[in-house]
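Residue numbers (this note's numbering): 115 to 507.
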């Protein structure tokens, strides 16, 4: 389990330049790839999808979805039609093309989707796409297509200029969206960890050991990428001092990438996606990841920092309130901070871990237009400043 977790962390550290980019290949090679994908879709359609209501006589069209975010996978839409040409069902096909993503990772993601889909099936409020199948050796997943937009886009557009103006309806949507994300995470962590293929057999101490290996790798990458050595030493001391206190805590199902870019907003439901690193872990890991993802928005000079802090507070409040030990109502800030420390004693540790992960990701990637903008603090400077401020505090 520890080796598997370490391999997953190696995959997360890959920079965008390391991956092959299928759409940029020669047209003949791309056509061959699409033809092979069509053959695989036809095979799965005819052999396995009858149980999901697919008819063998249906035809289909396969189209790339180049507009979707994601660096490690090609994404495609498979639209099925009746004999008369009427639209029937739509399948989302994800094919990983990074060499470090292996068959075991594909199987783990499929099982994570399956577990969460079954758990969320009774309610339309939270959903996970229905899994239709996987081809681990081909690095392919088939699942239900759920029209939606990422919560990242829902949040970023109004927050970006919120220091100067923010419409009341936009503010209301921001608050409702992060609150619902908190409830979604609470619902996900309500799934018994024993349902994970690992059986939830890891002890708290073994999970902490896995976190230690994860931290060591991220710190090593920070050093190699040029983060000041004095800062890395401080980060390491702070991380491992907190890790020593992490054993014996509640074990939950851990998504590992619970962030606005993996929470999708549909017409009537919130969807959770990307279970590539789904495992078991300690309560607070996923909540801290989402909290840190919002924290990254603080680098924008045009964003209202008080609003971002409020959204972080609302997310945590709803997550805690909706959990199995939720007390109802929204606590005052001081009471909420105390509740976080009591119910999520490793929350500060996880914040530090995740910001270390984001730091190595930023420093390993070459600076470019997608990372820098004139109305934001450069990402590298922001990460260094964040750690200096945090560690001094």
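For glycine and all other residues, C-beta sits at the position ideal for the given N, C-alpha and C.
Residue i by DSSP, collapsed to three states: which one?
{"i": "residue 347", "result": "helix"}
{"i": "residue 385", "result": "strand"}
{"i": "residue 493", "result": "helix"}
{"i": "residue 341", "result": "coil"}
{"i": "residue 520", "result": "The shown model of the chain, from 115 to 507, leaves out residue 520, and the question about it has no answer."}
{"i": "residue 504", "result": "helix"}
{"i": "residue 276", "result": "coil"}
{"i": "residue 262", "result": "coil"}
{"i": "residue 215", "result": "coil"}
{"i": "residue 226", "result": "helix"}
{"i": "residue 293", "result": "helix"}
{"i": "residue 473", "result": "helix"}
{"i": "residue 402", "result": "helix"}
{"i": "residue 318", "result": "helix"}
{"i": "residue 309", "result": "helix"}
{"i": "residue 424", "result": "helix"}
{"i": "residue 499", "result": "helix"}
{"i": "residue 359", "result": "coil"}
{"i": "residue 167", "result": "coil"}
{"i": "residue 460", "result": "coil"}
{"i": "residue 372", "result": "coil"}
{"i": "residue 235", "result": "coil"}
{"i": "residue 281", "result": "coil"}
{"i": "residue 149", "result": "helix"}
{"i": "residue 407", "result": "helix"}
Which residue or residues does DSSP assign as beta-bridge partners of residue i?
{"i": "residue 209", "result": "188 and 254"}
{"i": "residue 65", "result": "The question about residue 65 has no answer here: the residues shown for the chain are numbered 115 through 507."}
{"i": "residue 74", "result": "A question about residue 74 goes unanswered here, because the residues of the chain that appear run from 115 up to 507."}
{"i": "residue 240", "result": "384"}
{"i": "residue 414", "result": "490"}
{"i": "residue 377", "result": "386"}
Kindly list the residues whose CB is nearer than 8 angstroms to the CB of residue i, restricted to its own chain and excluding five residues on each side of it in sequence; keep chain order.
{"i": "residue 439", "result": "In this prediction, residue 439 scores a pLDDT of 44, lower than 50, which makes its location untrustworthy; the coordinate-derived value is nonetheless stated afterwards. Hits under 8 angstroms: 457."}
{"i": "residue 170", "result": "159, 160 and 164"}
{"i": "residue 326", "result": "354 and 357"}
{"i": "residue 305", "result": "229, 230, 233 and 367"}
{"i": "residue 316", "result": "115, 324, 365 and 394"}
{"i": "residue 436", "result": "296, 297, 300 and 301"}
{"i": "residue 469", "result": "406, 409, 497, 500, 501 and 504"}
{"i": "residue 442", "result": "The predicted model places residue 442 with a pLDDT of 47, which falls under 50 and marks its position as unreliable, so this point remains unresolved."}
Using a Cβ-Cβ cut-off of 6 angstroms (strictly less than) and excluding sequence neighbours within five positions of residue i, which residues of its own chain qualify?
{"i": "residue 497", "result": "473 and 476"}
{"i": "residue 203", "result": "194"}
{"i": "residue 421", "result": "276"}
{"i": "residue 488", "result": "none"}
{"i": "residue 210", "result": "186, 187 and 253"}
{"i": "residue 363", "result": "318 and 396"}
{"i": "residue 192", "result": "155, 174, 176, 205 and 207"}
{"i": "residue 217", "result": "250 and 251"}
{"i": "residue 426", "result": "405 and 408"}
{"i": "residue 248", "result": "220, 224 and 255"}
{"i": "residue 332", "result": "470, 471 and 474"}
Let me check understanding here. Comparing Cα to Cα, which of the options lies closest to residue i?
{"i": "residue 319", "options": "148, 415 and 394", "result": "394"}
{"i": "residue 186", "options": "365, 345 and 388", "result": "388"}
{"i": "residue 406", "options": "159, 465 and 237", "result": "465"}
{"i": "residue 381", "options": "291, 219 and 503", "result": "291"}
{"i": "residue 432", "options": "215, 296, 149 and 174", "result": "296"}
{"i": "residue 349", "options": "239, 375 and 504", "result": "504"}
{"i": "residue 410", "options": "249, 251 and 491", "result": "491"}
{"i": "residue 383", "options": "263, 205 and 150", "result": "263"}
{"i": "residue 366", "options": "302, 346 and 502", "result": "302"}
{"i": "residue 286", "options": "299, 471, 157 and 268", "result": "268"}
{"i": "residue 398", "options": "251, 316, 156 and 430", "result": "430"}
{"i": "residue 260", "options": "274, 378, 157 and 337", "result": "378"}
{"i": "residue 386", "options": "238, 248 and 215", "result": "238"}
{"i": "residue 335", "options": "157, 462, 471 and 414", "result": "471"}
{"i": "residue 219", "options": "390, 418, 346 and 150", "result": "390"}
{"i": "residue 419", "options": "222, 150, 272 and 157", "result": "272"}
{"i": "residue 424", "options": "293, 495 and 157", "result": "293"}
{"i": "residue 370", "options": "147, 467, 201 and 506", "result": "467"}
At a cut-off of 8 angstroms, is residue i close to the ligand SAH when judged by its beta-carbon and the heavy atoms of the ligand?
{"i": "residue 186", "result": "This structure lacks the ligand SAH, and indeed carries no ligand of any kind."}
Quick one: what's got a C-beta closer than 7 angstroms to residue i's C-beta in the same chain, skipping five residues either side?
{"i": "residue 152", "result": "176"}
{"i": "residue 168", "result": "159, 194 and 203"}
{"i": "residue 462", "result": "356"}
{"i": "residue 372", "result": "299, 400, 403 and 404"}
{"i": "residue 284", "result": "272"}
{"i": "residue 307", "result": "314, 365, 366, 367 and 394"}
{"i": "residue 416", "result": "274, 275, 277, 278 and 489"}
Does the beta carbon of residue i sit closer than 9 angstroms to a beta carbon anywhere in chain B?
{"i": "residue 390", "result": "Checking the listed chains, one finds no chain B in this structure; it contains a single protein chain."}
Check whether the stretch 216–231 touches the stretch 298–318, taking contact to mean three or more Cβ pairs, one atom from each stretch, closer than 8 angstroms.
Yes, since at least three Cβ pairs between the stretch 216–231 and the stretch 298–318 fall closer than 8 angstroms, the two stretches touch.
Counting pairs of Cβ atoms below 8 angstroms between the stretch 145–165 and the stretch 247–259, do you hit three or more?
yes
With contact counted as at least three CB pairs below 8 angstroms, one residue from each stretch, are the stretch 189–199 and the stretch 236–250 in contact?
no
So, do the stretch 336–348 and the stretch 271–289 have three or more beta carbon pairs nearer to each other than 8 angstroms?
no
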